[in-house]
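Chemist: This is the structure I have questions about; it appears just below.
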Amino acid sequence: MRRLMLMGTLLLAACGDRGIEPPVAAAGDSADQVMKGMAFNVTTEGVKISKVEAESAWVYNARQMNDLKKLKVTFFDKATGKETSVVTADSGSYNKKDQTLDARGNVVATAANGKVLKSPHLVYDKVQNLIYSDTTYTFTSPDGAGSGASFTADPDFKQIRSQRMGGRVKGKGFVLPGQEDDKPTAKASAPKPVVKGGGK
């Protein structure tokens, strides 16, 4: 009897001595699929406009969300199919429902013509065809460099609207991406004043 009790005690001790076990994620937080080397295309009317690649991805079907690690997004010209810009980041998330990509951590956007924009955070909105950031950024190009508090741009980085912008450039003031590519709009001449005659 004592031998049986001793064996039971040893079994209980063996079962209890499992060390520190990793926490188990709640069912709602568990990824439906974990992928290595994930890649998918984003299209508009059947035409590829961007390609999303990630070193790792966690897929959540119910939330229609993909969490991405070490991501790279390549944008293409819709008409020609040529690569226009590339965005890289430490991590991010792709919302299938809203069709938005949220990139975070060491975000670097490089345009095909060598322009480079860096920011801690960047969002790509496919529906509006816009890239924007609500935080600071820095910008460099062959024409100069600058920075700002936030920005909104097209995926080609040809047009950028910036808040509290500052910078330096060769010759002229700070040049926004695409400004040197756009022809200046001619100003309409002011109408000449009508002079009424004083005599008959």
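Numbering (the numbering used here), first residue to last: 73 to 272. The C-beta atom is built at its ideal place from N, Cα and C for all residues, glycine as well.
(1) Comparing C-alpha positions only, which one of S219, A221, D197, F223 sits nearest to S122?
(2) How about A221 and T210: are their beta carbons less than 8 Å apart?
(3) How would you call G164, buried or exposed, if buried means at least 16 neighbouring beta carbons within 10 angstroms?
(4) Alpha carbon to alpha carbon, what distance is there between R135 and T182?
(5) Between the alpha carbons of F112 and N201, how many angstroms are there, rounded?
(6) Using CA coordinates, which residue listed in A225, A217, Q105 is at the minimum distance from L140?
(7) Is it buried or exposed for G218, if we count other Cβ within 10 angstroms and need 16 for buried?
(8) Does the ligand SAH have a heavy atom nearer than 7 Å to the CB of T115?
(9) Only counting the same chain, and skipping five residues up and downstream in sequence, which positions put a Cβ closer than 8 Å to that of P249?
(10) Is it buried or exposed for S157, if we count other Cβ within 10 angstroms and need 16 for buried?
(11) Go through its chain and collect everything with a Cβ distance to S234's Cβ below 6 Å, but skip five positions before and after it.
(12) Starting from P192, trace the beta strand (DSSP E) in both directions and tell me its first and last residue.
(13) Just mark S102 as buried or exposed, buried being the case when its beta carbon has 16 or more other beta carbons within 10 Å.
(14) Give a yes or no on whether the C-beta atoms belonging to V180 and P192 are separated by under 8 Å.
(15) In chain order, what residues of the same chain lie with their CB nearer than 8 Å to the CB of S147, ignoring the 5 residues before and after it?
(16) Whose C-alpha, out of G153, T172, G216, D215, is nearest the C-alpha of V195?
(17) Can you tell me which of the three DSSP states V169 falls into?
(18) Whole angstroms is fine: what's the gap from D170's alpha carbon to G118's?
Modeler: Quick look at the numbers:
(1) When each option's Cα is compared against that of S122, the closest is D197.
(2) Not closer than 8 Å, so no.
(3) Burial is judged here by how many other beta carbons sit within 10 angstroms of a residue's own beta carbon; G164 has at least 16 and is buried.
(4) Whole-angstrom Cα-Cα distance: 31 Å.
(5) As the crow flies, the alpha-carbon of F112 is around 18 Å from that of N201.
(6) Here the closest residue by C-alpha is Q105.
(7) G218 should be labelled buried.
(8) You won't find the ligand SAH in this model; it holds no ligand whatsoever.
(9) In this prediction, P249 scores a pLDDT of 43, lower than 50, which makes its location untrustworthy; the coordinate-derived value is nonetheless stated afterwards. Listed in chain order, the non-local C-beta contacts of P249 below 8 Å within the same chain comprise A183, K187, L189, F211, S213, A225, F229, K230, Q231, I232, local neighbours out to five positions each way being set aside.
(10) When all chains shown are included, S157 counts as buried.
(11) Taken in chain order, the residues that qualify are G220, F223.
(12) Looking at the DSSP string, the run of the beta strand (DSSP E) that includes P192 is 188-197.
(13) Around the beta carbon of S102, fewer than 16 other beta carbons sit within 10 angstroms, so the residue counts as exposed.
(14) Not closer than 8 Å, so no.
(15) The amino acid at residue 147 is misidentified as Ser; the sequence shows Phe. Only residues of its own chain outside the window of five on either side were considered, and among them I121, S122, E155, T156, S157, V158, V159, P227, D228 have a CB closer than 8 Å to the CB of F147, listed in chain order.
(16) V195 has its Cα closest to that of T172, out of G153, T172, G216, D215.
(17) For the record, residue 169 in the displayed sequence is Lys; it is not Val. It is coil, neither helix nor strand.
(18) Those two C-alpha atoms are separated by around 18 Å.
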